[in-house]
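>
Number of protein chains: 2
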Amino acid sequence: MTNKLNLNNLTKSEEDYLKALFQLLIEDNSVKVGNNQLAEYLKVSPASTNNMIKKLKSKNYVVSEKYGKLELTEEGKSIAVRLIRKHRLWETFLCNYLNFSWDEVHEVAEQLEHIKSYKLIDELDRFMDFPTKDPHGEVIPNADGEYSILPKITLSSLEEGAVCQLISVNDASVTFLKYVSEIGLALSSEIKVQEVREFDGSIKIQFNNIQETVTRKFADNVFVKVI
Amino acid sequence: MTNKLNLNNLTKSEEDYLKALFQLLIEDNSVKVGNNQLAEYLKVSPASTNNMIKKLKSKNYVVSEKYGKLELTEEGKSIAVRLIRKHRLWETFLCNYLNFSWDEVHEVAEQLEHIKSYKLIDELDRFMDFPTKDPHGEVIPNADGEYSILPKITLSSLEEGAVCQLISVNDASVTFLKYVSEIGLALSSEIKVQEVREFDGSIKIQFNNIQETVTRKFADNVFVKVI
DNA sequence: TAAATAAGTTAGGCATGACTAACAAATTAA
DNA sequence: TTAATTTGTTAGTCATGCCTAACTTATTTA
Ligand SMILES: [Mn+2]
Ligand SMILES: [Mn+2]
Ligand SMILES: [Mn+2]
Ligand SMILES: [Mn+2]
């Protein structure tokens, strides 16, 4: 008898769409997420998202009115959180046990998160002794799908003179993550905003006796807690 | 710059077909493997295999003449061995680190073997200190794709009075593997063939002071080394 | 060797998930 | 409040990988 528990019957694509919607709606706390925004986020055409949203609505994972904003049902959210949990646990495993650096894990985790087996992920969790943060500082949901979603305050949103601590980073860009490590920044680094330049939005920061000037784009990808 | 080394550009299906062909041709050492045989092995229709074989021929992984037997090119073999290596390393990981039993690993490994990342599998190999056998007794190819293919002598092929050692088992059936453990058999068990019954092919065996009668079908799935 | 059977191929169809191009609705700016 | 722009939808196409039904070729067996 095949264990139906492992099969939620969602395709890789359906899972990816639900996860993307969750990250836009809940993790980024957006007021409105529209069809085109989702398309851009997933790097597919609006026609594709329109199509998939139709399908996810018929399966009761998504709710929306024609021309209206997209929303997730509880079931849709639950699937997304499960995916996020898997993604972050795998990233943690790759970093802590398989010598991956933090800029190498995301791509592989994007694949691993679609492996269907409850036992696999719960045992992996146990094997690592239930980690709570992934290599990029993101909170890992527990087996019940519970986790705290920290407000995403970007380094770029701070004023001159502010002092903060690096909490997490946007993990999707390899070159960005390499850059972060290269200049000596890491999770928990204490950063002082020394100067915000009107002209181009670049920011002069100081940390561990290092001074660096970073672009606005860089600072947009660094999430901090003000202290 | 994306690491193209991780992408051999094969779909999951293409990989599965090449692996299946390899297992029929090389591991089972068949004289001839035909289209329908491959279809039956993969549980798809002959039309499907016919189609895929066409595609694999155009990509130079398979060679065959119309109505002729199927063969793999070196490149085709190499892809298949890489897949087998991944499959068996993952099975080993699941058993040795994540509390899976040997009857639970195959299904999940069927998914994990398609994850594309050279680093992942080589690091997993290193993490486990380069295991040479998977939980079912099968030899794990090394990073260069080298491994010894043991001749598959089935328990059912032995004569009365023969004494042998259990080397490996067919891993694809959950109920079979559970049955093996249940009666107390395991890898390395020393088995004596006490009686082969003409009537139904059933075999009376003895091991660790246990006596059992097993069916021909059961004995077909047990691979042994005569001692 | 001719008929029966087995093995392999082809044609046509379906589901999934992409795409482009054309169009419609909603929002924003003039 | 109309026009421009943005956003969303629809229609039609394509690739992949599966299917069934019908057909062709090869192999058996009588
Ligand atoms: Mn990630
Ligand atoms: Mn992450
Ligand atoms: Mn297996
Ligand atoms: Mn195995």
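Chains U and D supply the protein sequences, listed in that same order.
Throughout the first sequence, residue numbering follows our numbering, covering 723 to 949 in sequence.
Throughout the second sequence, residue numbering follows our numbering, covering 723 to 949 in sequence.
A virtual CB, placed ideally from N, CA and C, is assigned to each residue, including glycine.
Relative to the C-alpha of N757 (chain D), which candidate in D:Q887, D:V785, D:D856, D:V915 has its C-alpha closest?
For the purposes of this step, residue 757 (chain D) is taken as residue 35 along the second sequence, with counting starting at 1. The shortest C-alpha separation from N757 (chain D) is found at D:V785.
> Going along chain U, which residues have a C-beta under 8 Å from N700 (chain D)?
Outside the shown range of chain D (723 to 949) lies residue 700 (chain D), about which nothing can therefore be said.
> Assuming K791 (chain D) and V755 (chain D) are in contact, meaning their beta carbons sit under 8 Å apart, how far apart are those beta carbons, in whole angstroms?
Position 69 of the second sequence, counting from 1, holds the residue named residue 791 (chain D). Position 33 of the second sequence, counting from 1, holds the residue named residue 755 (chain D). Going by Cβ atoms, the distance from K791 (chain D) to V755 (chain D) rounds to 6 Å, so yes, they are a contact pair.
> For ligand 1, I want to know if A941 (chain D) counts as a neighbour, meaning its beta carbon is within less than 7 Å of at least one of the ligand's heavy atoms.
Here the question's residue 941 (chain D) lines up with position 219 in the second sequence. The answer is no for A941 (chain D).
> Does N772 (chain U) have its Cβ less than 8 Å from a Cβ in chain D?
In the first sequence, the residue the question calls residue 772 (chain U) occupies position 50. No, its Cβ sits nowhere closer than 8 Å to a Cβ of chain D.
> Under 8 Å, do L740 (chain D) and Y783 (chain D) count as touching if we go by C-beta distance?
Position 18 of the second sequence, counted from the first residue, corresponds to residue 740 (chain D). Position 61 of the second sequence, counted from the first residue, corresponds to residue 783 (chain D). A contact, by the Cβ cut-off of 8 Å.
> Pairing CB atoms from the region 813 to 821 of chain D with CB atoms from the region 763 to 783 of chain D, are three or more of them under 8 Å?
With the rule of 3 Cβ pairs closer than 8 Å, the region 813 to 821 of chain D does not count as touching the region 763 to 783 of chain D.
> Using CA atoms only, rank isn't needed, just tell me which of D:T733, D:V944, D:F849 is closest to K838 (chain D).
For this step, residue 838 (chain D) is matched to residue 116 along the second sequence. Minimum Cα distance to K838 (chain D) is reached at D:T733.
> Can the beta-carbon of E912 (chain U) be found closer than 8 Å to that of F940 (chain U)?
As a working mapping, residue 912 (chain U) is identified with position 190 in the first sequence. As a working mapping, residue 940 (chain U) is identified with position 218 in the first sequence. Result no, Cβ atoms of E912 (chain U) and F940 (chain U) do not sit closer than 8 Å.
> Determine, using beta carbons only, whether V891 (chain U) and V902 (chain U) come nearer to each other than 8 Å.
Here residue 891 (chain U) is taken as the residue at index 169 of the first sequence, counted from 1. Here residue 902 (chain U) is taken as the residue at index 180 of the first sequence, counted from 1. Against a cut-off of 8 Å, the Cβ pair of V902 (chain U) and V891 (chain U) comes out as a contact.
> Is it true that the CB of T897 (chain D) sits closer than 8 Å to the CB of D956 (chain D)?
Summary: the structure shown does not reach residue 956 (chain D), with chain D confined to residues 723 through 949, and so no result is reported for it.
> Kindly list, in the order they appear in chain U, the residues whose Cβ is closer than 9 Å to that of S735 (chain D).
Position 13 of the second sequence, counted from the first residue, corresponds to residue 735 (chain D). Neighbours of S735 (chain D) in chain U, taken as residues at a C-beta separation under 9 Å, are lacking, since the least C-beta distance is about 14 Å.
> With H, G and I counted as helix, E and B as strand and the rest as coil, what does DSSP make of I925 (chain D)?
Stepping through the second sequence from its first residue, residue 925 (chain D) is reached at position 203. Looking at I925 (chain D) - three-state DSSP - the assignment turns out to be strand.
> So which residues on chain D does I837 (chain U) lean against when the C-beta distance must stay under 9 Å?
Residue numbering aside, residue 837 (chain U) sits at position 115 when the first sequence is read from its first letter. Ordered by position in chain D, the residues that pass the 9 Å Cβ test against I837 (chain U) are V830, Q833, L834, I837.
> Below 8 Å, can you find three or more Cβ-Cβ pairs linking the region 757 to 773 of chain U to the region 857 to 877 of chain U?
no
> My parser needs the alpha helix (DSSP H) runs of 4 or more residues fully inside the region 789 to 873 of chain D; what are they?
796 to 819, 827 to 834, 840 to 849
> Using the beta-carbon count (16 or more within 10 Å), is Q933 (chain D) buried or exposed?
For the purposes of this step, residue 933 (chain D) is identified with residue 211 of the second sequence, where counting begins at 1. That one is exposed.
> What residue range does the alpha helix (DSSP H) around V902 (chain D) cover?
Within the second sequence, the letter at position 180 stands for residue 902 (chain D). Start and end: 896 to 904.
> Near S767 (chain U), what residues of its chain come up, given a Cβ to Cβ distance below 8 Å and the 5 sequence neighbours on each side ignored?
Counting from one through the first sequence, the residue named residue 767 (chain U) turns up at place 45. These residues qualify, in order along the chain: A761.
> Step through the CB atoms of chain U and report whether any lies within less than 8 Å of the CB of K841 (chain D).
Reading the second sequence from its first residue, position 119 is the one you call residue 841 (chain D). Judged by the 8 Å Cβ criterion, K841 (chain D) is in contact with chain U.
> Would DSSP call I748 (chain U) helix, strand or coil?
If you number the first sequence from 1, residue 748 (chain U) lands on position 26. Helix.
> At the level of alpha carbons, what is the spacing between S895 (chain U) and L794 (chain D)?
Within the first sequence, the letter at position 173 stands for residue 895 (chain U). Within the second sequence, the letter at position 72 stands for residue 794 (chain D). The straight-line gap from Cα to Cα measures roughly 39 Å.
> Reducing DSSP to helix, strand and coil, say where K914 (chain D) ends up.
Here residue 914 (chain D) is taken as the residue at index 192 of the second sequence, counted from 1. It is a strand residue.
> Would you say P873 (chain U) and E813 (chain U) are within 8 Å of each other, going by their C-beta atoms?
Against the first sequence, residue 873 (chain U) aligns to sequence position 151. Against the first sequence, residue 813 (chain U) aligns to sequence position 91. Going by C-beta atoms, P873 (chain U) is not nearer than 8 Å to E813 (chain U).
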